[in-house]
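Residue numbers (the working numbering): 11 to 260.
In structure tokens, the structure reads:
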């Protein structure tokens, strides 16, 4: 019985451990799913930002080309109209340095942002590739759940078997405690005969005890009578009724 109770406690403990492992696995799967969703959203945002920066960069390049074309047309028109010197050309180009410098600085800044965005996208892709996929996580959870279910079924079968054994033993013990043998006529007859013989022996014993008491009483009376006779014999000696050398024979 003690071994069965210990086995039952061990099985219950294993069942609790499996439940805790299953809960932790489900929590890990939910955490991985949340992280994967967050990374996917962040990657899409970075890709949209990179596309926006690329479009802005292309627009700035187009604007720069258009401004260069307008500047070239103006310079050609001035030269055609009449005799602008090299110095005048340099003076005309002085109208654009601030715009061109600003565009170049903005292009450089956009290039830096684009490179940073590309690096971040690459990092996110590597992180996404390193992270377990949702399908892999679901497969692992499914396998763990299946193993846990199989272990649970095995444990339940063991518990049911042990419970049946315990119930059978308890039933057997109860049957033994409540067992009352059917009376046997021969045994009952012999029992009555023994009781009768015992009663006779008790009666004989009572008779013997009465005889013993009676004999003891007679013995005491005889001793008293013997003592009284000796006393009378001694008194007779002293009175000289009998010789001093005579002895009494009892």
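Note that beta-carbon positions come from the ideal geometry of N, C-alpha and C, so glycine has one too. It should be emphasised that the depicted structure is a prediction, and the values quoted were computed from it without experimental measurement.
Three-state secondary structure assigned by DSSP to residue i
i	result
residue 22	helix
residue 204	helix
residue 38	helix
residue 196	helix
residue 46	helix
residue 250	coil
Beta-carbon proximity of residue i to residue j, cut-off 8 Å
i	j	result
residue 28	residue 123	no
residue 61	residue 134	no
residue 73	residue 120	no
residue 59	residue 127	yes
residue 168	residue 21	yes
residue 202	residue 17	no
Inter-residue Cα distance where the pair is residue i and residue j
i	j	result
residue 206	residue 222	24 Å
residue 137	residue 34	23 Å
residue 204	residue 219	22 Å
residue 237	residue 244	11 Å
residue 26	residue 183	32 Å
residue 52	residue 115	28 Å
residue 77	residue 118	18 Å
residue 179	residue 217	55 Å
residue 24	residue 38	21 Å
residue 139	residue 40	18 Å
residue 54	residue 69	22 Å
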